[in-house]
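This report refers to the structure that appears directly beneath it.
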Amino acid sequence: MEYVVAVIVGLALSQLATLITTVYLHRVLSHRSIRLHPALTMLMRFGTWMLTSISPREWVAVHRKHHNFSDVEGDPHSPHIEGYWQIMIGNVYYYRREANDGDTLEKYAADLPFDRLDTLLLRRGVLGFSLTGVALVALFGLFGPGWGIGPGLVALATLAVVYLLLNAAINGAGHTFGYKSFENDATNLKLLALITFGEGLHNNHHARPASAKLAAFKDEFDPAWPVIRLLEKLRLAEVLTKVDEGWVDHRRRIPRTTVSPLGTKTVQD
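Position 195, counted from 1, in the sequence shown is what UniProt numbering calls 195; the numbers after and before it change by one each time, with no gaps.
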């Protein structure tokens with residue numbers, strides 16, 4: 001029973017990590033489509049540190065370069081360049097390879113210099129993730145004998161594995177399978193969007209990177225959008241870009257087309 005609970009906790013934390021990634025790292029920092037209250041920004045910074053071990057500056061630089069070279073030479077993690085299974089299995093390797101490139105950081109994240117908090121603490125991603133592990137072990141230990149180290153580590157491992165797999169699916173499957181409404185090499189996967197807080201609507205995102213909402217049409221759902229709207233109502237966030245205009249009359253709009261290893265097929269919008 002304790003290990004079932006541990007897996008559930010790990011899955012819940014992986015979803016929280018994914019939500020922080022799409023709202024803070026992606027929509028706030030990378031594309032500047034949302035502004036957060038300073039207190040929420042600090043919470044997001046610590047959440048990123050403890051749940052993902054990611055440096056926001058590195059993530060933003062890699063992501064912006066991906067947009068600049070999407071699926072052509074120079075893309076840090078394209079399945080069309082590296083291979084589908086290479087990205088699905090080794091996405092973290094390709095991310096780290098690019099994140100370790102100082103020139104990439106200087107060129108694509110010059111607006112996000114490391115501050116004193118980064119230097120003293122938040123750049124130490126392993127420390128943040130380790131503290132999460134310690135907290136989970138301590139938390140499970142409160143439930144009695146047999147609920148400490150084992151379940152805590154299972155929860156931590158579930159968080160890590162699921163989070164990495166979801167990110168790999170966005171970069172791999174999200175450029176290989178699904179459907180397109182816009183002329184770019186990314187694809188939309190509705191199921192993936194449901195478990196990545198909208199990131200699976202990748203074709204839409206590549207069409208309008210600055211949009212804070214990733215759903216473009218009535219039959220699409222971006223689970224992060226209601227969260228963002230709630231934060232707006234609480235005066236913790238401000239959407240800075242138009243989200244509902246510009247989809248239907250987008251200059252690169254195409255008839256909805258499904259993409260699979262068997263080829264492409266145009267379907268009714």
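The C-beta atom is built at its ideal place from N, Cα and C for all residues, glycine as well.
- The alpha-carbon separation between His80 and Gly148 amounts to approximately 44 Å.
- Classified as buried, Ser78 has 16 or more neighbouring CB atoms from the shown chains inside 10 Å of its CB.
- When DSSP states are grouped into helix, strand and coil, Asn100 belongs to the coil group.
- Straight across, the Cα-Cα distance linking Leu231 with Ala237 is about 5 Å.
- Of the other Cβ atoms in all chains shown, fewer than 16 fall within 10 Å of the Cβ of Met42; this residue is therefore exposed.
- Of all alpha-carbon atoms in Leu112, Met44 and Ser33, the one lying nearest the alpha-carbon of Leu19 is that of Met44.
- Here Thr196 is not near Leu159, since their CB atoms are 7 Å or more apart.
- Assignment of Phe182 by DSSP, reduced to helix, strand and coil, places it in the strand class.
- DSSP assignment within the region 141-184 yields the following whole alpha helix (DSSP H) runs of 4 residues or more, N-terminal first: 149-171.
- Taking the CA atoms as reference points, Met88 sits about 30 Å from Val243.
- Nearest Cα to Val5 within the set Gly198, Val60 and Leu136: Leu136.
- Counting only the Cα atoms, Gly83 lies some 44 Å from Leu234.
- Rounded to the nearest whole angstrom, the C-alpha separation of His37 and Leu194 is 26 Å.
- Three or more pairs of CB atoms, one per stretch, sit closer than 8 Å, so the region 199-214 contacts the region 164-180.
- If you look at Pro255, you'll find it in the beta strand (DSSP E) that goes Arg253 to Ser260.
- Distance check between Pro209 and each of Ile34, Pro223 and Glu58 places Ile34 closest, using alpha-carbon atoms only.
- Shown here, Ile34 sits in a strand according to DSSP, grouped into three states.
- Taking 7 Å as the cut-off, the beta carbon of Tyr108 is found no closer than this to the beta carbon of Ser14.
- If you look at Ala109, you'll find it isn't in any beta strand (DSSP E); DSSP assigns it neither H nor E.
- Gly102 and Ala216 have their C-alpha atoms roughly 35 Å apart.
- Remark: C-beta atoms of Tyr93 and Pro76 do not approach each other more closely than 7 Å.
- Burial is judged here by how many other beta carbons sit within 10 angstroms of a residue's own beta carbon; Ile170 has at least 16 and is buried.
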